[in-house]
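First the structure, in the form of structure tokens, and then the observations on it.
Numbering (the working numbering), first residue to last: 2 to 294.
This is how it looks when you write it as structure tokens:
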């Protein structure tokens with residue numbers, strides 16, 4: 002790998018880690034907002050506000066888009082809508098750390114499916130062990146609804162990673178990436194409209210709703226999705242999939258700080274394991290090179 006490639010990969014690592022903390026900060030704010038407006042309403046605001054801002058700023062043109070570009074945008078938007086919707090439904094019935102721990106099985110499965118060296122499988126196994134240690138739960142006490150929703154969110158998360166990488170390839174970096182992100186989030190917003198509008202209509206309009214929606218939108222969507230798209234242009238999907246193992250640790254920490262949820266020593270141990278696994282996977286992946294647009 003050239004020196005410029007190594008620099009691009011280091012930047013991609015920073016973007017990937019930063020995105021995870023931003024997303025979980027937004028999720029912590031969303032948990033507090035559920036008392037004002039339900040998950041479906043928050044998801045619509047989370048997707049709709051950034052989509053509107055990006056469309057105004059980037060001014061993407063629909064004319065001239067190829068079928069591959071449209072396919073990437075539709076896949077990205079639908080997976081984003083599905084992932085956020087079922088995950089926020091899970092957050093309504095279970096703590097953030099546990100929900101993200103179960104959801105994490107999706108990206109881990111993606112990472113294992115894409116690797117070509119046995120050492121990468123060991124990093125994935127270590128990350129999975131950290132996820133199990135982090136949760137510290139008795140499976141018998143988990144609610145079936147929350148578990149199924151979190152598992153579904155994990156499956157959508159894995160497909161979202163692939164779709165995000167494809168959008169990054171089709172639209173490139175800089176302004177092109179902003180245009181792709183704007184169009185993809187617009188598709189996601191349209192997919193969220195039926196349930197989201199119903200939820201917002203059932204809640205009285207207050208500036209508190211607008212404030213919560215804006216805070217969640219900026220911290221959980223606008224900033225991290227741009228960071229993820231930039232990260233996936235500088236690293237393989239396999240590396241990104243394992244690096245998301247940081248998500249349970251940051252979710253447990255944010256849940257403790259923002260939503261008042263508990264953080265045990267088992268969780269601290271799990272964070273250490275997934276951090277080591279993420280770092281090992283990132284620096285040991287033979288395919289860690291920038292994706293060519």
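Note that the Cβ used here is the ideal one computed from N, Cα and C, for glycine as well.
Keep in mind it's a predicted model, so treat the numbers as computed, not measured.
Am I right that residue 100 and residue 92 are in contact with their C-beta atoms under 8 Å? What's the rounded C-beta distance?
6 Å
Pick from 186, 247 and 269: whose alpha carbon is nearest that of residue 165?
186
Use the C-beta contact count for residue 90: other C-beta atoms within 10 angstroms, 16 or more gives buried, fewer gives exposed.
buried
Between the beta-carbon of residue 214 and the beta-carbon of residue 50, is there less than 8 Å?
yes
Grab me the residues of residue 86's own chain with a C-beta within less than 6 Å of its C-beta, minus the 5 sequence neighbours each way, in chain order.
Once the five neighbours on either side are set aside, the close Cβ partners of residue 86 are 44.
Would you call the stretch 25 to 34 and the stretch 209 to 228 touching, i.e. three or more CB-CB distances under 8 Å?
yes
Using the C-alpha atoms, what's the distance from residue 120 back to residue 107?
20 Å
Over what stretch of residues does the alpha helix (DSSP H) that includes residue 157 continue unbroken?
Going by DSSP, residue 157 is part of the alpha helix (DSSP H) stretching over 145 to 172.
Taking just the CA atoms, how far does residue 80 sit from residue 160?
7 Å
Would you tell me roughly how many angstroms separate the C-alpha atoms of residue 220 and residue 52, rounded to the nearest one?
When rounded, the distance between both Cα atoms is 14 Å.
If I follow the unbroken alpha helix (DSSP H) through residue 105, where does it start and stop?
Neither: residue 105 is in no alpha helix (DSSP H) and is coded neither H nor E.
Pairing CB atoms from the stretch 59 to 75 with CB atoms from the stretch 169 to 179, are three or more of them under 8 Å?
yes
What residue ranges within the stretch 168 to 242 form continuous beta strand (DSSP E) runs of no fewer than 3 residues, ordered along the chain?
none
Please state the DSSP three-state secondary structure of residue 276.
helix
Residues in the same chain with beta-carbon distance under 6 Å from residue 167, minus the five sequence neighbours each way, listed in chain order, please.
73
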